[in-house]
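The structure appears right after this line, and notes come after that.
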Amino acid sequence: MDKKPAFETFRRYKVTEGDTPMVALHLRGMFALNQNAYEKLGEPAAIEMLYAPDERIIGFRAASRTSPDAYAVRHTTKTAHQVEGRGFLNYYNIPEEAKGRRYKAELIDDILMIDLNQETTD
């Protein structure tokens with residue numbers, strides 16, 4: 034090499050940025066919404082979680098923090114938003130192989146949905 038390459042530093046947060054709403058399901062049972070997914074929901078303080086067991090689709094809907102079924106959205110960084118999901122995952126027996134993956138999300142009406150059957154980006 035005659036000259037030094039023009040390196041740029043890889044920023045970990047860029048993996049979940051972009052125009053595509055994404056939801057990651059962490060190994061420990063946390064749901065992580067990227068900024069786009071969070072904005073699609075209207076940047077709520079809390080969400081309700083829904084499940085369609087026959088289709089294996091998880092839904093997220095904006096909710097008031099006072100709702101008895103709501104889970105608070107925690108902001109780990111400016112662009113990372115997490116929701117506790119262990120109780121939900123255990124109740125519906127979501128298999129371990131669904132964890133540790135990122136899913137493309139789609140907003141239909143007021144529900145942000147992830148299909149556990151889709152090909153994922155691990």
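One point on numbering: in the working numbering, the residue at position 42 of the sequence shown is 75, and numbering is uninterrupted.
We put the CB at the ideal spot given by N, CA and C, even for glycine.
Touch check for the segment 104-123 and the segment 135-143: three-plus C-beta pairs under 8 Å?
no
Helix, strand or coil for residue 72? Go by DSSP, reduced to three states.
helix
Run the CB neighbour count on residue 94, radius 10 Å, all protein chains shown included, and call it buried at 16 or more, exposed below.
By the Cβ-count criterion, residue 94 is buried, with 16 or more other Cβ atoms from all chains shown falling within 10 Å of its own Cβ.
Shortest alpha-carbon distance to residue 97 belongs to which of 151, 118, 75?
75
Unbroken beta strand (DSSP E) run spanning residue 123, endpoints
No beta strand (DSSP E) holds residue 123; the alpha helix (DSSP H) holding it covers 119-124.
Nearest-angstrom Cβ-Cβ length linking residue 89 and residue 150, presumed shorter than 8 Å
5 Å
Bridge partners for residue 92 per DSSP, in chain order?
83, 146
When you compare each of 148, 40, 131 to residue 58 by their alpha carbons, which one comes out closest?
131
Keeping to the same chain, check which residues put their C-beta closer than 7 Å to that of residue 77; ignore five residues upstream and five downstream.
95, 96, 106
Figure out for me which residue from 109, 110, 91, 37 has the closest Cα to the Cα of residue 121.
91
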